[in-house]
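A.B. asks:
There are 2 protein chains.
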Amino acid sequence: MTYCVGIMLEEGLIFASDSRTHAGVDNFASFCKMNVFERAGDRVIVLLSSGNLAGTQAVISLLRQRASRGRECSLWGAESMFDAALLVSDAMREVDRRDGQHLTDSDAGFNASFIVGGQIAGELPRLFRIYAEGNFIEAGDQTPYLQTGETKYGKPIIDWVINGSTSISDAAKCVLVSFESTMRSNLSVGMPIDLICYARDSLDVRMRRRFKPGDAYFTELGRQWGEGTREVFRRLPDLEW
Amino acid sequence: MTYCVGIMLEEGLIFASDSRTHAGVDNFASFCKMNVFERAGDRVIVLLSSGNLAGTQAVISLLRQRASRGRECSLWGAESMFDAALLVSDAMREVDRRDGQHLTDSDAGFNASFIVGGQIAGELPRLFRIYAEGNFIEAGDQTPYLQTGETKYGKPIIDWVINGSTSISDAAKCVLVSFESTMRSNLSVGMPIDLICYARDSLDVRMRRRFKPGDAYFTELGRQWGEGTREVFRRLPDLEW
Chain A
1 MTYCVGIMLE
11 EGLIFASDSR
21 THAGVDNFAS
31 FCKMNVFERA
41 GDRVIVLLSS
51 GNLAGTQAVI
61 SLLRQRASRG
71 RECSLWGAES
81 MFDAALLVSD
91 AMREVDRRDG
101 QHLTDSDAGF
111 NASFIVGGQI
121 AGELPRLFRI
131 YAEGNFIEAG
141 DQTPYLQTGE
151 TKYGKPIIDW
161 VINGSTSISD
171 AAKCVLVSFE
181 STMRSNLSVG
191 MPIDLICYAR
201 DSLDVRMRRR
211 FKPGDAYFTE
221 LGRQWGEGTR
231 EVFRRLPDLE
241 W
Chain B
1 MTYCVGIMLE
11 EGLIFASDSR
21 THAGVDNFAS
31 FCKMNVFERA
41 GDRVIVLLSS
51 GNLAGTQAVI
61 SLLRQRASRG
71 RECSLWGAES
81 MFDAALLVSD
91 AMREVDRRDG
101 QHLTDSDAGF
111 NASFIVGGQI
121 AGELPRLFRI
131 YAEGNFIEAG
141 DQTPYLQTGE
151 TKYGKPIIDW
161 VINGSTSISD
171 AAKCVLVSFE
181 STMRSNLSVG
191 MPIDLICYAR
201 DSLDVRMRRR
211 FKPGDAYFTE
221 LGRQWGEGTR
231 EVFRRLPDLE
241 W
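Sequence lines, in order, name chains A and B. In terms of my numbering, the first sequence opens at residue 1 and continues consecutively. In terms of my numbering, the second sequence opens at residue 1 and continues consecutively.
Following this line, the structure appears as structure tokens:
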């Protein structure tokens, strides 16, 4: 499995992804699921991938190869984040056309999906989730975040804490706790965690961190969070019978 | 779906269940999923049911009918909670023998499962989870709680807060927040919530509450929890880049 989150705030965007891939519990590995297409002053496009690794890698390779050849039909040439999402969708369908039937014949099937977000000069930041079929949804005011993969464990903490006006700083801490909660319950999600906090209109990635196993900040965050929540419970009004 | 939780603490046991049943989103109803077999001074046995409603009701009806006829082969005669769990398992397999093939023929299948816990005089409190197949596991020191149904949303909060030595009072509040988190994310789990806190060696149910939609305590608990967690995040150390 996988866990990826994208959040759209008034201050900017947050992206986070885990790194675990596996085929059963006896065959797991670590791959970065975060890909960035960045040209300072012009655009920042972040892709978070989940699903079958062969599929997501093929899509990213196609997008990188086209980008390396220039602007035409590539993420460097996209005039809006909507166009960028269409290009990712097109690449997904191309991989599906090539591999889909072969996978279906083996009872598998193409199942890559992506969170795509960022900002292109002249536009506000935008955030999309592209389904395996290539259709997609865009985050809005009422639902400012999108998740893929093993989403349930880490959802309540985001619901409790984050809305559009949450600061990047608080939202980043919340996302890390959301990952801590998920990894504690599910072996298929694992470190390192990749985190990008993109400040609106910066058109530049200035805040990027990778949290490896044993990371001192991540460990301390989890400890203080656990202590803090237990303290909140002690202060909550007791039930009367 | 459903959400049920049983927790084994040094101070006693906690049981909680939601009340929503549904067949698709356009056909939902409310049924209590908590059943109690109680004889003060002798035994308290609590069953939380999840799965197909026809199946769980048939199991409970069988157990009630046998109990009404006396001690033999009934929950009134069980000499231990292990024997009580075996009786529930036997009833499940009996219903499966009657209905299973008919359900499988319609692409459904028997899928009732139960959390069974309580205390019988002469024994310590015990807590079991019985799978649809009728086999079961028992909670222990390292994993003092068992869930069924839509378990993922509400699991992290229990992991953060509860261990065997948590007080009944704090654990009850935590379980209610676990339900609040689940209902916020999943339409298939809904109020009323039934809650029993059983004090070890009391052999009597003295703390039982039903939380209906709009319950003042439940609403206030959720509000204060949300406020408390946001405050914890503000105090957590900020990330440095």
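Just so it is clear, CB atoms sit at the ideal spot from N, CA and C, and this is done for glycine as well. Since the structure is predicted, the reported quantities are computational estimates derived from the model, not experimental observations.
Please confirm if the region 179-188 of chain A is in contact with the region 148-161 of chain A, defined as three or more CB-CB distances below 8 angstroms between the two stretches.
C.D. replies: Segments in contact, yes.
A.B. asks: Let's see if you can read the secondary structure: which residues bound the beta strand (DSSP E) around A16/B?
C.D. replies: Here the beta strand (DSSP E) through A16/B covers G12 to S17.
A.B. asks: Start and end of the beta strand (DSSP E) containing Q147/A?
C.D. replies: Per DSSP, Q147/A belongs to the beta strand (DSSP E) from Y145 to G149.
A.B. asks: Per the contact definition of three or more C-beta pairs closer than 8 angstroms, is the region 152-161 of chain A in contact with the region 220-236 of chain B?
C.D. replies: Yes, the region 220-236 of chain B is in contact with the region 152-161 of chain A.
A.B. asks: Which class does E72/B belong to by DSSP, given the choice of helix, strand or coil?
C.D. replies: Coil.
A.B. asks: Quick check: the region 75-93 of chain B against the region 123-140 of chain B, are at least 3 beta-carbon pairs closer than 8 angstroms?
C.D. replies: Short answer: they touch.
A.B. asks: Could you tell me the distance, in whole angstroms, from the CA atom of R200/B to the CA atom of R69/B?
C.D. replies: When rounded, the distance between both Cα atoms is 28 angstroms.
A.B. asks: Going residue by residue through the region 126-191 of chain A, where are the continuous alpha helix (DSSP H) segments of at least 4 residues, counting only ones entirely within it?
C.D. replies: Qualifying alpha helix (DSSP H) stretches, in chain order: 155-161 and 168-185.
A.B. asks: Going by beta carbon distance, what residues of the same chain come within less than 7 angstroms of A171/B, once the five residues before and after it are set aside?
C.D. replies: Excluding sequence neighbours, A171/B sits near I7, L9, I14 and I162.
A.B. asks: So, does the region 33-51 of chain B touch the region 110-126 of chain B, judging by three or more C-beta pairs under 8 angstroms?
C.D. replies: With the cut-off at 8 angstroms, the region 33-51 of chain B and the region 110-126 of chain B touch.
A.B. asks: For M81/A, which three-state DSSP category applies?
C.D. replies: Helix, per DSSP.
A.B. asks: Buried or exposed, going by whether 16 or more other CB atoms sit within 10 Å of the CB of A216/A?
C.D. replies: By the neighbour-count rule (16 or more Cβ atoms within 10 Å), A216/A is not buried but exposed.
A.B. asks: Relative to the C-alpha of A220/A, which candidate in Y131/B, P237/B, G214/B and I45/B has its C-alpha closest?
C.D. replies: It should be noted that the sequence gives Glu, not Ala, for residue 220/A. The residue with the shortest Cα to Cα distance from E220/A is P237/B.
A.B. asks: DSSP puts H22/A in a beta bridge; with which residues?
C.D. replies: Partner(s): F28/A.
A.B. asks: For A58/A and M92/A, I'd like the C-alpha separation in whole angstroms.
C.D. replies: Roughly 8 angstroms separates the two Cα atoms.
A.B. asks: At 9 angstroms on the CB atoms, spell out the chain B contacts of G228/A, in chain order.
C.D. replies: Result: G228, T229, E231, V232, F233, R235 and L236.
A.B. asks: Locate the alpha helix (DSSP H) running through G228/A, then write down its first and last residues.
C.D. replies: Segment A216 to R235, the alpha helix (DSSP H) holding G228/A.
A.B. asks: Report yes if the CB atom of Q119/B is closer than 7 angstroms to the CB atom of V205/B, and no otherwise.
C.D. replies: No. Outside cutoff.
A.B. asks: In chain A, which residues lie with their C-beta within 8 angstroms of the C-beta of E220/B?
C.D. replies: Those within 8 angstroms of E220/B in chain A are P237.
A.B. asks: Excluding sequence positions up to five away, which residues of its chain have a Cβ less than 6 angstroms from the Cβ of N35/A?
C.D. replies: Cβ within range, chain order: L47 and I60.
A.B. asks: By how many angstroms is the C-alpha of E72/A removed from the C-alpha of Q65/A?
C.D. replies: Each residue's Cα considered, the two are about 12 angstroms apart.
A.B. asks: Establish whether the CB of S167/A and some CB of chain B are separated by less than 7 angstroms.
C.D. replies: With 7 angstroms as the cut-off, S167/A does not count as an interface residue toward chain B.
A.B. asks: Per the DSSP calculation, D194/A is bridged to which residue(s)?
C.D. replies: Answer is S17/A and R210/A, bridged to D194/A.
A.B. asks: If you follow the beta strand (DSSP E) that L48/B is part of, which residue opens it and which one closes it?
C.D. replies: Where L48/B is concerned, the enclosing beta strand (DSSP E) stretches over R43 to S50.
A.B. asks: Taking a Cβ distance cut-off of 8 angstroms, strictly less, list which residues of the region 152-167 of chain A are near chain B, in chain order.
C.D. replies: Against chain B - using a Cβ distance shorter than 8 angstroms - the residues of the region 152-167 of chain A are K152, Y153, G154, K155, P156, I157, D159, W160 and V161.
A.B. asks: Between the C-alpha atoms of D194/B and L176/B, what's the straight-line distance to the nearest angstrom?
C.D. replies: Cα to Cα, D194/B sits roughly 10 angstroms from L176/B.
A.B. asks: Name the DSSP beta bridge partners of M8/B, please?
C.D. replies: According to DSSP, which records beta bridges pairwise, M8/B is partnered with L13/B.
A.B. asks: By the DSSP assignment, the beta strand (DSSP E) with V36/A in it spans what residues?
C.D. replies: Taken as a continuous stretch (DSSP letters only), the beta strand (DSSP E) holding V36/A covers M34 to R39.
A.B. asks: For a test of the three-state rule: what should DSSP assign to S113/B, helix, strand or coil?
C.D. replies: S113/B: strand per DSSP, three-state reduction.
A.B. asks: Have a look at R208/A, N27/A and W76/A and flag the residue whose alpha-carbon is nearest the alpha-carbon of S169/A.
C.D. replies: For S169/A, the nearest C-alpha among the options comes from R208/A.
A.B. asks: For L123/B, which residues in the same chain have their Cβ closer than 8 angstroms to its Cβ, ignoring the five residues on either side in sequence?
C.D. replies: Residue identity differs from the one stated: residue 123/B is Glu in this sequence, not Leu. So the list reads S80 and M81, once near-sequence residues are dropped.
A.B. asks: For F204/A, decide whether its Cβ has a neighbour in chain B, counting only Cβ atoms nearer than 7 angstroms.
C.D. replies: A quick correction: the sequence has Asp, not Phe, at residue 204/A. False, the Cβ-Cβ gap to chain B never drops below 7 angstroms.
A.B. asks: Should G117/A and P144/A be called a contact, given that it needs their Cβ atoms to be closer than 7 angstroms?
C.D. replies: Cβ atoms of G117/A and P144/A: not closer than 7 angstroms.
A.B. asks: When the Cα atoms are used, what is the spatial distance from N27/A to S17/B?
C.D. replies: Straight-line Cα distance between these residues: approximately 37 angstroms.
A.B. asks: How would you list, in chain order, the residues of chain B whose beta-carbon sits under 9 angstroms from the beta-carbon of Q147/A?
C.D. replies: Correct list: empty, because the minimum Cβ distance to chain B is about 11 angstroms.
A.B. asks: Could you tell me whether the Cβ atoms of Y131/A and G12/A are closer together than 7 angstroms?
C.D. replies: No, the Cβ-Cβ distance between Y131/A and G12/A is not below 7 angstroms.
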